[in-house]
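Inspection log for the structure reproduced underneath, given as structure tokens.
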Amino acid sequence: MTEIPSTKASTKTSADIDQLSSYFLHPSDNPGTILVSCLLKGENYPTWRRAMINALRAKNKYCFVDGTLPNPGDDSPDEHAWVKCNSMVVSWIFNSLASDLHDSIAYIDSAREIWIDLEERFSQGNAPRIHELKRELAITQQGTMSVATYYTKVKGFWDELNTYSNVPHCTCGAAKEFIAEREKEKVHQFLMGLSEKFNIVRSQILSTDPLPSLAKVYALVTREERQQSLAASRAPTIEAAAFNARNTKSMTFGTNKDRVPNRNKFFCEHCKKTNHTRDRCYELIGYPEGWTNKGRSTKGRQSSSNSANNATISQSESSFSLVNGLTKEQYDQLLSLLNSEKQTPLANFAGKTTQSSDKISEWVLDSGASDHMTFNHSILFDSQSHSSLPSIKLPDGSNLPVQGHGPCHEETDWNG
0 MTEIPSTKAS TKTSADIDQL SSYFLHPSDN PGTILVSCLL KGENYPTWRR
50 AMINALRAKN KYCFVDGTLP NPGDDSPDEH AWVKCNSMVV SWIFNSLASD
100 LHDSIAYIDS AREIWIDLEE RFSQGNAPRI HELKRELAIT QQGTMSVATY
150 YTKVKGFWDE LNTYSNVPHC TCGAAKEFIA EREKEKVHQF LMGLSEKFNI
200 VRSQILSTDP LPSLAKVYAL VTREERQQSL AASRAPTIEA AAFNARNTKS
250 MTFGTNKDRV PNRNKFFCEH CKKTNHTRDR CYELIGYPEG WTNKGRSTKG
300 RQSSSNSANN ATISQSESSF SLVNGLTKEQ YDQLLSLLNS EKQTPLANFA
350 GKTTQSSDKI SEWVLDSGAS DHMTFNHSIL FDSQSHSSLP SIKLPDGSNL
400 PVQGHGPCHE ETDWNG
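Using numbering that gives the first Met the number 0, read the sequence shown as starting at 0 and increasing by one per residue.
See the structure below:
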């Protein structure tokens, strides 16, 4: 008995299909898969189309929508595999559309027919779209956008424009020159839209010969943006630090001003007095020049004596520091110079005489006097009158002439 041959070719199983074939479906492929993240809403058709083409090429299924792999027919052994893959592509396209577009393709069985229908409805054609893209490139400005956001926006326009223009293929080098000119145009378009705060780096780039590549220009601009951002963030920090330092200084000064030291806690073990310690006791270290209360302290003047001690200590420690830039030695020299400066000659009382002429010999000499003065002519001998003698300036501001000048009878006894 002979075998009757079948009139229909046997169907290929998944094991018989090569993994490189367009009919191969991976076990992870299923009708619920969403290939692209951006759903087609109408106005975003160019972006959606580009994303879908890349996804279908990755799945090796783009041939089902561009028409290069039509239905082989019922008599072909690949007919079952084609129908299976076509239905899978239809499901993927359906999942990538917005919900309000689902009904428009729900009853179309061919992936190729769905692709053509969407292109006819949402594609604007090459010329209008190219015009729109070039217009967007001309008016796009950075504004408040970051450099990265601005670059991403204009790069999207460039990439879409590239899909509408064909680069010439030749071996004469014209294609290379065409691409180089296109890159220069992109650099100028990118720089024109930058904010005014990048004027310096823009001038530096334009003065460079040859003009840097677009990637190099982007790197230079983003570096300048980071430096400006750091400078802007550093300024408030410096102002805040200065403000805190000023407040801290004011608080410190206010606290010190209100803080009155308690001098009663000091006690001298030597003289048994308060307001100073043993290392500052005048009885041990010596009294300051001009101190008049050496060893003459009474109970009635105890308080004033203690106050004088404090005042003298404070004066001796800080008097020379009141003059900025002078040491204590320089301060003392300045005082000596001022004291020795010659002024209008004045006659000072060299001694104290009593109203009684009987006690003319009682003198208390003033070693700092330049001349000695007396009202009693009898104690002088060989008195002479000269017109060149200086006048005497009285405390009320008036001047009196000197009547005479001569030695004193007891002058020999002054030297002891």
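Glycine included, each C-beta is placed from N, C-alpha and C at the ideal position. These numbers come from a predicted model, not from an experiment.
Cut-off 8 Å between Cβ atoms - residues of its own chain near residue i, not counting five sequence neighbours on either side
i	result
Lys114	The residue asked about is misnamed: residue 114 is Trp in this sequence, not Lys. Val64, Asp65 and Ile92, listed in sequence order.
Thr139	Tyr149, Lys152, Val153, Phe156 and Gly192
Ser317	Unreliable placement is indicated for Ser317, whose pLDDT of 47 sits below 50; no coordinate value is reported for it.
Gly396	none
Gln226	none
Leu213	Glu182, Lys185, Val186 and Phe189
Ser303	Residue confidence is low: Ser303 scores 42 on pLDDT, short of 50, so the model does not pin down where it sits. No coordinate-derived value is stated.
Identified DSSP bridge partners for residue i
i	result
Phe266	Thr273
Leu399	Ile391
Leu213	Beta-bridge pairing links Leu213 to no other residue.
Leu379	Cys407
Leu96	Leu39
Cutoff 6 Å; reference residue i; Cβ partners in own chain excluding five residues on either side
i	result
Ser384	Gly403
Leu55	Tyr61
Phe23	Ile16
Ile104	Ile113
Asp108	none
Thr343	Note that Thr343 has pLDDT 45, beneath the 50 cutoff, so the model's placement of it is unreliable and the number below is only indicative. Excluding positions up to five away in sequence, the list is empty.
Leu160	Leu132
Asn59	Ser21
Leu19	none
Lys451	With the chain running from 0 to 415 in the structure shown, residue 451 is simply not present.
Gln314	Summary for Gln314: the model assigns pLDDT 46, below 50, so the residue's position carries little reliability; its value from the coordinates is reported in the next sentence. Counting only Cβ-Cβ distances below 6 Å, and skipping sequence neighbours, we find nothing.
Cutoff 7 Å; reference residue i; Cβ partners in own chain excluding five residues on either side
i	result
Leu210	Lys183 and Val186
Asn43	Cys37
Ala50	Val35 and Cys37
Gly267	The question names Gly, yet the displayed sequence has Cys at residue 267. Closer than 7 Å at Cβ, skipping near neighbours: His275, Thr276, Arg277 and Cys280.
Gly72	Glu78
His168	Ala174
Leu100	Leu39
Ile52	Tyr61
Ser335	none
Pair within 8 Å by beta-carbon distance, residue i and residue j
i	j	result
Ile204	Val216	yes
Ser422	Gly405	A query on residue 422 cannot be resolved here, the shown segment of the chain reaching from 0 to 415 and no further.
Leu68	Ser21	yes
Glu223	Phe189	no
Glu288	His269	no
Gln141	Ser194	yes
Val57	Asn85	The residue asked about is misnamed: residue 57 is Ala in this sequence, not Val. Going by C-beta atoms, Ala57 is not nearer than 8 Å to Asn85.
Arg128	Tyr163	yes
Cys407	Leu388	no
Val220	Val146	yes
Chain C within 8 Å of residue i, Cβ atoms only
i	result
Ile284	Note that chain C does not occur in the displayed structure, where there is just one protein chain.
**Study point:** Given 8 Å, three or more beta-carbon pairs between the stretch 18 to 38 and the stretch 92 to 111
**Key:** yes
Q | Segment contact flag, the stretch 15 to 34 with the stretch 73 to 92, C-beta cutoff 8 Å, min 3 pairs | A | yes
_I'd like to know if the stretch 170 to 177 and the stretch 129 to 144 are in contact, where contact means that at least 3 CB-CB pairs between them fall below 8 Å._
no
Note to self: If we require 4 or more residues per run, which alpha helix (DSSP H) segments fall completely within the stretch 170 to 226?
What the structure shows: 173 to 191 and 198 to 205
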